[in-house]
Structures are given as structure tokens and as C-alpha cells.
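Engineer: In the UniProt record's numbering, the protein residues as written are 1 to 642.
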């Protein structure tokens with residue numbers, strides 16, 4: 001580690017090597033399983049420099065990988081340490097196949113590239129990617145973590161980090177000739193400074209997940225286990241949520257976030273006249289509440305409810321948004337009471353436009369406002385370049401902000417679903433109210449850009465989701481944007497059956513049925529799976545896995561004996577063989593199968609879904625036929641013996 005005060009590199013003596021062990025189970029309030037096994041051997045190496053300064057390097061070895069971190073002690077009168085560089089290196093033994101996105105200070109919303117390690121290069125992203133407003137790729141020969149690799153013998157490994165608090169995110173520079181990665185920390189606005197920390201302090205864990213196959217990577221809980229236990233004692237209020245919302249209709253151009261101004265230059269904000277396409281109206285919100293209540297959803301997300309949307313994007317203005325003042329056509333008092341009567345919760349939306357001081361100055365008042373209106377969760381957003389200038393989405397200052405949001409929200413018993421933030425590093429263990437985030441390329445890119453290739457969702461479980469739940473917003477039934485505007489050519493790169501399967505394969509304890517209500521009302525038989533599928537699980541098993549090709553999950557509901565299976569593929573059609581050996585013995589299950597119908601193909605015919613019902617038992621073998629860009633979703637309901 002390089003610091004302004006001292007070079008932590010050479011001339012150290014080993015004072016002690018202290019081994020310890022731990023074998024525990026911990027219980028997340030929401031998750032992919034009821035309990036998580038955390039077992040490791042730890043060795044703490046105490047080092048002393050010839051100057052008298054001391055530090056520790058701590059290694060933990062788990063069954064699914066290892067983690068290590070640096071711990072710096074207070075010495076003499078020094079109270080702070082100014083980090084200028086991290087010297088950690090990861091030496092590859094061969095030119096592995098890798099799945100990666102480019103090093104970027106400000107965005108994680110890139111499509112993945114599959115290449116050899118030696119071929120990692122961000123130049124094509126700078127040349128070809130035009131849909132990411134905040135894109136900032138400086139070091140071309142670099143990538144973000146997590147990066148997952150496959151060796152020739154099928155052994156897989158993933159490099160990531162865990163517990164990234166009060167420190168910048170780590171990216172990786174690549175020496176393509178030596179096949180060596182070196183740590184690259186997101187910089188601060190101060191030249192040559194990456195972070196400034198009070199002593200004593202420790203870095204995040206540098207983590208390597210290792211598995212004999214791809215399935216073991218997707219099943220790993222190493223990143224969570226390296227994090228500290230929950231700082232929140234009472235977690236009874238942290239609940240899974242399924243929701244609908246006023247959101248996708250803005251992305252497809254049916255309505256807008258703003259009330260007045262941006263759609264018509266003569267209709268200024270000061271005039272405060274509606275332009276006629278505002279999405280977050282009382283009537284529209286009420287319709288969504290009714291739909292949620294009728295179909296068993298927990299919540300309704302309403303974006304564009306608050307003042308400020310006329311001036312929010314691209315202008316980099318501070319103090320744009322109010323987080324307590326609704327637009328005049330949105331009666332929040334009435335709607336809160338109406339939702340409560342229907343047994344539905346309104347999910348708050350706080351788009352900050354990346355003006356963080358403005359948000360922090362209003363945050364506690366905004367959370368009190370949520371408590372007043374009985375709103376249990378907030379979706380935060382950070383679209384734009386960070387204010388104050390010179391900070392980055394993934395830098396130390398912003399990582400501290402995300403932690404402050406989680407801590408402050410916890411005081412008000414509010415769950416956080418963060419968008420456009422740093423990629424997760426398992427902090428949902430320490431702050432379990434930080435239930436999900438985006439921090440990757442989500443569904444909305446399909447509405448107005450080249451979109452997400454069919455392989456995208458088959459890579460996410462082996463990369464981004466290893467650090468935390470992903471609010472990907474699945475469930476799109478109308479995949480062609482020309483339906484809403486004949487001039488548009490964008491499509492969602494999927495079959496409808498695959499959209500169902502994503503509720504099982506892309507983990508999040510807060511899941512959205514993202515499409516327009518009209519599209520669900522047209523296909524109630526297909527929508528039934530979304531109505532039934534849980535967002536919280538007692539068990540999860542990876543049945544088949546190949547990074548970038550396919551993945552199949554089986555998960556058991558935490559509230560019943562029912563199981564759910566999701567299988568997805570990339571652009572290639574394929575048959576997937578599975579065995580139901582996870583079911584209870586001496587029990588029969590009714591399997592409702594939602595599969596790609598005849599002629600289904602994400603490009604030419606994404607809509608057909610064949611629904612069939614069979615009876616299955618433990619050990620039943622099934623072959624799932626997946627179309628190009630397709631998937632299969634199955635519910636398995638245990639039959640009650642008479």
C-alpha cells in the first residue's frame with residue numbers, strides 16, 4: 001500500500017502469525033436461504049517495519065474461496081493515512097476465458113464482454129457505447145470487479161471485494177503480456193489521492209471465489225460471509241416485496257416523469273401547467289394500487305411524484321428536487337390512505353440527480369415524510385455526474401454516502417433499493433435494510449438503446465449478483481417498442497417465458513412486475529406465475545450452469561412447501577436436463593410449466609408461452625426446451641395427502 005505518509009511495501013519483519021477458526025450459521029431477514037453457513041480458517045500476520053510502524057494482513061480461507069485485507073494501526077501522533085495507491089496483484093497462471101466489463105469510475109451499466117484475459121481492453125466501449133451518460137473509462141486496459149474466469153480444466157474463479165466501506169471501489173488493471181491484474185482504486189478529487197482514512201483502519205476484503213465448476217460460483221456466499229454481522233438489532237421490519245409501478249411507461253414514451261416544461265419549451269416550470277403526459281397522477285396511481293391489491297402484490301412504486309423533474313437531467317444543477325413536495329396532480333395524502341385500505345404499500349422514489357448534498361440535507365425529513373405516509377421502502381437514484389464536482393459514483397466519498405443512507409434509513413425502519421450506485425460488496429449482511437441495488441445494466445436499456453443481449457442475464461448470476469440482490473425489473477410481456485411508437489426499433493432481447501424465469505434466476509428480495517398493467521391484463525394465464533412466485537427463499541440450488549450460456553435455479557419458498565424453477569439461455573436454443581432430487585421424499589407435486597411455445601424465438605416470435613401441468617416426485621427427470629433467448633419457469637406445489 002502506498003501512502004503520502006509512508007510506503008507500506010518493503011523492510012517488514014514478521015512478529016506473529018495467529019491462527020483462528022470459525023464455524024457459524026447466520027440468519028438473514030431476507031435471502032436465498034434461511035441460514036448461511038460461514039466457516040473459515042483465519043491467520044493474522046502481524047508485521048513490523050524497521051521504522052517501528054506495524055500493520056496486520058489477515059487471510060481467511062473458506063471452502064468456496066479466500067479473502068484477505070490490510071489493517072493499519074495508529075502509530076505515534078499520526079491520526080490519518082492518505083492512500084495514494086494499492087499494490088495488490090493477482091497473477092493468473094494461464095490466459096483464462098473471462099467475463100468482464102470495462103474499468104469505469106462512474107458507471108457499471110455496461111454489456112459484458114467474453115474474451116481471453118490478455119484481450120481485456122475498454123477501447124471498444126468508448127467507441128461504441130453511447131447510451132451511458134456518465135461513462136468514464138480512463139484506463140483502457142482495466143476491468144471492474146467482479147470478474148469471473150474459467151480455466152481450461154473448467155475450474156472457475158472470481159475476483160471481487162467485500163465490505164467496501166470508507167474506501168474507494170477496486171478495479172483491476174491488466175498487464176496482458178504477464179497475465180497479471182493489479183488493484184486500481186477509484187481516485188478522489190485531490191490529485192494522486194485515492195482515500196483518506198482515520199487510523200486505525202482496514203481496507204475492504206480482497207476476495208477470490210474458487211469452484212470446480214460454474215455452479216459453485218453462482219452458489220457462493222463468500223462475499224456476504226466476509227462482511228461484518230448486522231448492525232441492526234431488530235430486523236423484523238425488513239420484508240421481501242413484490243411490486244408494480246409507474247416506471248416502464250416513461251421508458252417506452254407513454255408518459256413522463258415531469259409535470260411541465262421539458263416536453264414543451266413554451267410551457268415553463270414557473271407556469272406550472274400540465275403538459276398532459278405526466279405519469280404520476282392520482283388516477284394512475286390509484287389504478288396501480290387497485291391492480292396490486294387484486295393480484296396480491298405488496299407495493300406500488302411511483303416515480304415522478306415530486307417536484308423538480310423539469311430541470312433534473314443533464315444540467316448538473318444542485319437543489320433541483322424536493323423529497324417532500326408532490327406535484328399538484330398527485331394527492332399523496334389521499335393515496336397513502338387509499339393504499340392502506342387496500343393492504344398495499346407505496347414505495348417511495350428519491351431520484352437525486354447525483355446532487356448528493358441536496359439529498360443529504362433533506363434525507364431525514366424525507367424519511368420522516370415516508371414514515372408519516374407508511375412507506376416501508378425507498379428506491380434511490382443517482383443519474384448524472386456527481387455533485388460535488390470531481391467525485392465519482394464509486395469513490396470513497398460516495399461509498400460513505402451509500403452507507404449513511406443505509407444507516408439513516410434504518411433509524412426510520414426503511415428499506416433501500418439503490419440505483420446507479422456502486423456495485424454491491426455483500427453489505428446487505430451488515431445493513432440488511434439495504435435490500436437490493438441496480439449497479440449493473442438493467443432492463444430499461446432495452447427500451448431506448450441497443451439493449452441487453454440474450455447472454456446478459458446468463459452472466460449476471462456469476463458476476464454482479466455475487467455481491468447482492470439485483471433489482472433488474474423483469475416481467476416484460478410486450479417486447480417490441482414499435483408497439484408504442486412505430487418509429488422505434490428497440491426490442492427486449494427475450495422471449496416472454498424467459499421473463500418469467502428471471503424471477504428465479506436473478507435474485508432480489510424486492511422484485512418488480514415491470515410491464516404496463518394492460519399487457520398483464522391481456523395474458524392472465526401467463527401472468528399467474530408472476531403473481532405466485534415469491535421473492536424470499538428458504539433454499540436455493542443451482543441445477544445447471546455455464547457462464548454466458550445458461551443457468552437453472554431451483555428455489556423453495558420461505559412461506560410454503562412450494563418450489564420454483566427458472567431456466568434461461570443465451571441466443572442459442574438448447575435442451576436442459578434436470579433431476580428433481582431436491583423434493584421431499586414420499587410426496588407428490590403439481591408442476592405448472594411455463595415454457596417457450598411453438599416457434600418461439602426472441603427475434604422473430606417472442607410471445608408464445610405453452611402452459612402445461614404434470615405431476616412429479618423426488619427424482620423425476622425433466623428436459624426443458626429453451627428457445628433462442630428463451631427460458632422456462634416452473635411452479636411445484638406440494639399436494640396435500642388426504
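Beta carbons: idealized from backbone N, C-alpha and C, even for Gly.
1. Only counting the same chain, and skipping five residues up and downstream in sequence, which positions put a Cβ closer than 6 Å to that of residue 342?
2. Given this structure, state the Cα-to-Cα distance separating residue 353 from residue 393, to the nearest angstrom.
3. Please confirm if the region 427 to 442 is in contact with the region 402 to 413, defined as three or more CB-CB distances below 8 Å between the two stretches.
4. On a Cα-Cα basis, can you pick out the residue from 497, 190, 482, 232 that is closest to residue 599?
5. Give a yes or no on whether the C-beta atoms belonging to residue 79 and residue 3 are separated by under 8 Å.
6. Just to confirm before moving on: does the CB-CB distance between residue 228 and residue 430 stay below 8 Å?
7. When the Cα atoms are used, what is the spatial distance from residue 18 to residue 90?
8. Starting from residue 371, follow the beta strand (DSSP E) in both directions and report where the run begins and ends.
9. Over the uninterrupted beta strand (DSSP E) stretch that includes residue 248, give me the two end residues.
10. Contact defined as beta carbons within less than 8 Å: I believe residue 458 pairs with residue 569. What is the distance between those atoms, to the nearest angstrom?
11. Helix, strand or coil: how does DSSP classify residue 524 here?
12. Which stretch, first to last residue, makes up the alpha helix (DSSP H) that contains residue 225?
13. Less than 8 Å separating the beta-carbons of residue 280 and residue 300?
14. Should the region 539 to 546 be called in touch with the region 562 to 579, which here means at least 3 C-beta pairs below 8 Å?
15. Does the separation of the CB atoms of residue 150 and residue 73 fall below 8 Å?
16. Classify residue 286 as helix, strand or coil using the three-state DSSP reduction.
17. Quick check: what's the CA-CA separation for residue 255 versus residue 482?
18. Check residue 263 in the structure and name its three-state DSSP category.
19. Does the distance from the CB of residue 490 to the CB of residue 451 come in under 8 Å?
20. I'd like to know if the region 99 to 114 and the region 125 to 140 are in contact, where contact means that at least 3 CB-CB pairs between them fall below 8 Å.
21. Less than 8 Å between the CB atoms is what I'm expecting for residue 328 and residue 306, so what's the real figure, rounded?
22. Along the chain, where does the alpha helix (DSSP H) that runs through residue 445 open and close?
23. I'd like to know whether the C-beta atoms of residue 397 and residue 188 end up nearer to each other than 8 Å.
24. Distance, Cα to Cα, residue 583 vs residue 167?
25. Hey, how far is the Cα of residue 385 from the Cα of residue 624?
26. With the cut-off set at 8 Å, would you say residue 169 and residue 422 are in Cβ contact?
27. Could you tell me the alpha carbon to alpha carbon distance between residue 492 and residue 444, rounded to whole angstroms?
28. If we require 3 or more residues per run, which beta strand (DSSP E) segments fall completely within the region 155 to 242?
29. Once the 5 residues before and after residue 449 are set aside, which same chain residues still bring their CB inside 6 Å of it?
30. Whole-angstrom Cβ separation of residue 512 and residue 243, contact assumed at under 8 Å?
31. Hey, how far is the Cα of residue 71 from the Cα of residue 223?
32. Do you know offhand how far residue 409's Cα is from residue 370's?
33. Work out the CA separation of residue 37 and residue 532 for me, nearest whole Å.
34. For residue 626 versus residue 567, is the C-beta spacing smaller than 8 Å?
35. In terms of alpha-carbon separation, which member of 116, 323, 60, 379 lies closest to residue 147?
36. Looking at residue 597 and residue 610, is the spacing between their C-beta atoms short of 8 Å?
Structural biologist: In brief:
1. 289, 293
2. 12 Å
3. yes
4. 497
5. no
6. yes
7. 24 Å
8. Unbroken run through residue 371 is the alpha helix (DSSP H), 356 to 372; no beta strand (DSSP E).
9. Residue 248 -> not in any beta strand (DSSP E); alpha helix (DSSP H) instead, spanning 248 to 251.
10. 7 Å
11. helix
12. 222 to 225
13. no
14. yes
15. no
16. helix
17. 16 Å
18. Note that residue 263 has pLDDT 42, beneath the 50 cutoff, so the model's placement of it is unreliable and no number is given.
19. yes
20. yes
21. That pair is no contact at about 12 Å.
22. 445 to 448
23. yes
24. 44 Å
25. 45 Å
26. yes
27. 9 Å
28. 156 to 162, 170 to 175, 180 to 185, 195 to 198, 205 to 211
29. 131
30. 5 Å
31. 18 Å
32. 10 Å
33. 28 Å
34. yes
35. 116
36. yes
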